[in-house]
Amino acid sequence: MLFRLTARSLLTPRAPPTRTLASTSFSGRNPVDIKVDEISEQYAIAKDELEIAVEETEKRSIYAADDRATVREELEKLENLYRDSVSTLPAEQGEEIRRRVEQRIREFRNAVQELNKADLED
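Next comes the structure, spelled out in structure tokens:
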């Protein structure tokens, strides 16, 4: 027998979806997800700047030093956003943010440090 959709089955109350860590905001999204999205957006900007700086450094362009400085600024923005996000939310939510993005930030920081070695060579 096939399942038949009836008005009664549509109106039957269902259990609310389980939420993790915190209640949702007025937009219906978990604060952790909102912060992770903000961090991810800044990460994408910083990563784009890193790619440009690497290309310019490899070409030994006159813009390379400025591009590396821009990457350092974007890294600082990323780290500040991350620290603020972790410290302003309750500890459990901060840990969730840390778990979800810390590794990417650490890897990005290491890549910027490698790129900074080019400043010593210039």
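Using the working numbering, the letters of the sequence shown correspond one by one to residues 3 to 124.
Cβ atoms here follow ideal geometry from the backbone N, Cα and C, with glycine treated the same way.
Let me know the secondary structure DSSP gives ILE64 once reduced to three states. coil
Rounded to the nearest angstrom, how far is the Cβ of ALA55 from that of LEU80, given a contact under 8 Å? Not a contact, Cβ separation roughly 14 Å.
Based on Cα-Cα distance, which residue from THR90, ARG85 and ALA113 lies nearest to VAL103? ARG85
Following the continuous alpha helix (DSSP H) through ARG108, name the residue where it begins and the one where it ends. 93-123
Three-state secondary structure assigned by DSSP to ASN32: coil
Can you give me the Cβ contacts of GLN105 inside the same chain, cut-off strictly under 8 Å, excluding the 5 residues immediately before and after it? none
Might you give, ordered along the chain, the residues of its own chain that have their beta carbon closer than 7 Å to the beta carbon of LEU77, omitting 5 neighbours on each side? Beyond the five residues adjoining it in sequence on each side, LEU77 comes within less than 7 Å, by CB distance, of ALA48, PHE110, ARG111 and VAL114 in the same chain, given in chain order.
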